[in-house]
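K.L.:
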Amino acid sequence: MDFAYEIPSATKIVILERVIKELELEIFELCNRQGIDVSTVAADYAAPAEPEVGDGTEYNMERRLVSLNTRCIASKATKAAL
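Just so we're aligned, residue 31 is where the sequence shown starts under the working numbering, counting upward by one.
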């Protein structure tokens, strides 16, 4: 995306810190709701495979956790690269 002006690195860092905080809060809430110990969620956490019979929604919460975790790790990497 082309922005009309250059966003300073310091501003990007502040924005990423807010994003990371929100993602971590959501991860914490989701883990507590699911009974998952947050300290056991590794960077390569993967949701269990859906059973062959079913509607494909059995592990929605786990897939959500994977998505949040992936985005949080990516945001931290982006911040570290600035």
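Idealized CB from N, CA, C, for every residue including glycine.
What separation, rounded to the nearest whole angstrom, lies between the Cα atoms of L95 and K42?
P.N.:
Within the sequence shown, numbered from 1, the residue matching residue 95 stands at position 65. Within the sequence shown, numbered from 1, the residue matching residue 42 stands at position 12. So the two alpha carbons sit approximately 25 Å from each other.
K.L.:
If you count every other CB in all the chains shown that lies within 10 Å of the CB of S97, and 16 or more means buried, which is it?
P.N.:
As a working note, residue 97 is residue 67 in the sequence shown. By the neighbour-count rule (16 or more Cβ atoms within 10 Å), S97 is not buried but exposed.
K.L.:
I need the straight-line Cα distance from S105 to S39, nearest angstrom please.
P.N.:
By one-based count along the sequence shown, residue 105 stands at place 75. By one-based count along the sequence shown, residue 39 stands at place 9. Going from the Cα of S105 to the Cα of S39 covers about 14 Å.
K.L.:
Determine whether the beta carbon atoms of L46 and T108 lie at a separation below 8 Å.
P.N.:
Reading the sequence shown from its first residue, position 16 is the one you call residue 46. Reading the sequence shown from its first residue, position 78 is the one you call residue 108. Yes, these two residues count as a Cβ contact at 8 Å.
K.L.:
When you compare each of A111, E59, V83 and E82 to E92 by their alpha carbons, which one comes out closest?
P.N.:
Position 62 of the sequence shown, counting from 1, holds the residue named residue 92. Ranking the options by Cα distance to E92, first place goes to E59.
K.L.:
I57 to V83, Cα distance in whole Å?
P.N.:
The sequence position of residue 57 within the sequence shown is 27, counting from 1. The sequence position of residue 83 within the sequence shown is 53, counting from 1. So the alpha carbons of these two residues sit roughly 28 Å apart.
K.L.:
Pick out whichever of A111, R63, D32 and I103 has its Cα sitting closest to the Cα of N90.
P.N.:
Here residue 90 is taken as the residue at index 60 of the sequence shown, counted from 1. Considering only alpha carbons, the answer is R63.
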